[in-house]
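Each protein sequence line maps, in turn, to chains A and B. Take the position in the first sequence, starting the count at 1, then add 26; the result is the number in our numbering. Take the position in the second sequence, starting the count at 1, then add 118; the result is the number in our numbering.
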Amino acid sequence: MRDRLAVALVILAVAFAVIAGLYYEGVLQIAVSDSHAAHHITHAILFAVLAVASLIAANFAREKTV
Amino acid sequence: MTFAQALFMGLLQGATELFPVSSLGHSVIIPSVLHWQFKQSDPTFVPFLVLLHLGTAGALLVLYRQEWIAIIRGFVTAAMRGRITTEPERLAMLLLTGTIPAGILGVFLENRIKSLFASPYVAAGFLIVNGFLLLGFELLRRRAEQRTSPQVKTRAEQEESFAAAERISFRAAALIGACQALAFLPGISRSGVTIGGGLLAGLRHQEAARFSFLLATPVILAAGLVEVPQLFATGVPVGEYVAAAILSGVAAYASARFLLRYFRSGRLDPYGWYCIAAGAASLVLLTFRV
């Protein structure tokens, strides 16, 4: 059960990383103040942080052997 | 903006960012009350605010330099191990938990809310609301004190029956982080709502202030660093703005030292009454154009 949660969190982390990349490249324009900007760095940083946080949560959720 | 005005705004920002009286509210109200003509839509105004925020964040980093080293070490260790074993590790994860909702709400809501309410009248109104919020936090805290330690006489003994920042729950840390979104309303204080949230979560006053300052540091620093490229725009008087930022940092450092000492036994009430009085006085001055 815990390992399933960990896998789900890793998938979430990958999704956040992809969204971060899309915001950085300016492909994603959802909820941005300046839709003409080439890069949405603030949004990209936020989703990159969420990706890292999800990976940390996955590490906390996985079954520990020791 | 003249050099003197820049220095004054730096001092104001640094002092009010950490006091529970809303720096944004003061920076909206005071220029209007003093009839200063500089426009906040001026392209050099954002770089100015960026530098002031970096000054404040720098002061907090200096104040808590030892603690931040332990927090960063604890963060890396706990993240790699997948388990929390020490107090700095727990504090690091609590700060991450509190920063995430603040970051999400900040990125998606901050500019929209600020642009909706960036009027000195609205800011003065929310300053009064902030005052009542602070008084409300203390009212609830006094009831908790009556429940937990009815026999205790001194304030120091009362405070001892409450917890340190590391003992707060993760749910409470997330809620306190989310409460920071209220501070996008000019007049509502970020430190006020986070200290109040800490009190409701059962922290000692001094620990609630410490958690509030630690929680504010990454958000203020990130908000400043993201906008750093704007400093290199043409026409920005970097030298004058850096002087204001240094003043902001000095004021923030002195404010934090004062508040941590004050909250050993002090309460939020005086700041609550100040906000109500300042908000009401500002409304009168703005209405009658004194």
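For every residue, glycine included, the Cβ atom is placed at its ideal position computed from N, Cα and C.
Minimum C-alpha distance to residue i - residue among the options
| i | options | result |
| --- | --- | --- |
| leucine 167/B | Tyr359/B, Leu179/B and Ser383/B | Tyr359/B |
| valine 36/A | Glu89/A, Asn85/A and Thr68/A | Asn85/A |
| leucine 403/B | Gly243/B, Arg261/B and Val354/B | Gly243/B |
| glycine 110/A | Val33/A, Arg88/A, Ile71/A and Ser80/A | With chain A running from 27 to 92 in the structure shown, residue 110/A is simply not present. |
| leucine 251/B | Thr312/B, Ala399/B and Leu349/B | Thr312/B |
| arginine 289/B | Ala124/B, Ala319/B and Pro347/B | Ala319/B |
| phenylalanine 350/B | Phe137/B, Gly221/B, Pro165/B and Pro336/B | Pro165/B |
| valine 78/A | Arg183/B, Val194/B and Ala188/B | Val194/B |
| alanine 396/B | Arg407/B, Met119/B, Gly143/B and Phe121/B | Gly143/B |
| glutamate 345/B | Ala57/A, Leu38/A, Glu51/A and His69/A | His69/A |
| phenylalanine 376/B | Pro206/B, Ile189/B, Gly342/B and Thr134/B | Thr134/B |
| serine 366/B | Leu178/B, Ser309/B and Gln348/B | Leu178/B |
| leucine 227/B | Gly357/B, Phe126/B and Leu303/B | Leu303/B |
| phenylalanine 42/A | Tyr49/A, Ala32/A and Leu76/A | Leu76/A |
| isoleucine 189/B | Arg201/B, Gly200/B and Glu205/B | Glu205/B |
Residue i, enclosing alpha helix (DSSP H) - first and last residue
| i | result |
| --- | --- |
| isoleucine 189/B | 183-199 |
| alanine 291/B | 288-297 |
| glycine 243/B | 238-266 |
| tryptophan 391/B | 387-406 |
| glutamate 135/B | 121-136 |
| leucine 72/A | 67-87 |
| glycine 52/A | Careful: glycine 52/A lies outside any alpha helix (DSSP H) and carries neither H nor E. |
| leucine 142/B | 141-151 |
Cβ pair residue i, residue j closer than 7 Å
| i | j | result |
| --- | --- | --- |
| glycine 216/B | glycine 295/B | yes |
| leucine 209/B | glutamate 284/B | yes |
| isoleucine 246/B | isoleucine 148/B | no |
| phenylalanine 255/B | alanine 327/B | no |
| glycine 192/B | alanine 241/B | no |
| threonine 162/B | valine 354/B | yes |
| glycine 128/B | leucine 172/B | no |
| leucine 223/B | alanine 282/B | no |
| alanine 197/B | isoleucine 82/A | yes |
| leucine 212/B | alanine 291/B | yes |
| proline 238/B | serine 307/B | no |
| glycine 132/B | alanine 370/B | yes |
| alanine 374/B | phenylalanine 331/B | yes |
| alanine 220/B | valine 337/B | yes |
| leucine 38/A | serine 80/A | yes |
| isoleucine 56/A | phenylalanine 73/A | no |
| tyrosine 389/B | valine 139/B | yes |
| leucine 333/B | alanine 175/B | no |
| serine 267/B | leucine 136/B | no |
| glutamine 264/B | valine 270/B | no |
| glutamate 89/A | arginine 28/A | yes |
| serine 383/B | arginine 273/B | yes |
| leucine 321/B | arginine 259/B | no |
Beta-ladder partner(s) of residue i, from DSSP
| i | result |
| --- | --- |
| alanine 41/A | Answer by DSSP bridge pairing: none, since alanine 41/A is not bridged. |
| alanine 281/B | Leu321/B |
Within chain E, partners of residue i - CB distance below 7 Å
| i | result |
| --- | --- |
| phenylalanine 226/B | No chain E appears in this structure, whose protein chains are A and B. |
_Those runs of the alpha helix (DSSP H) which lie wholly inside the segment 296-360 of chain B and span at least 4 residues_ = Inside the segment 296-360 of chain B, DSSP marks whole alpha helix (DSSP H) runs of 4 or more residues at positions 308-318 and 323-344, from first to last along the chain.
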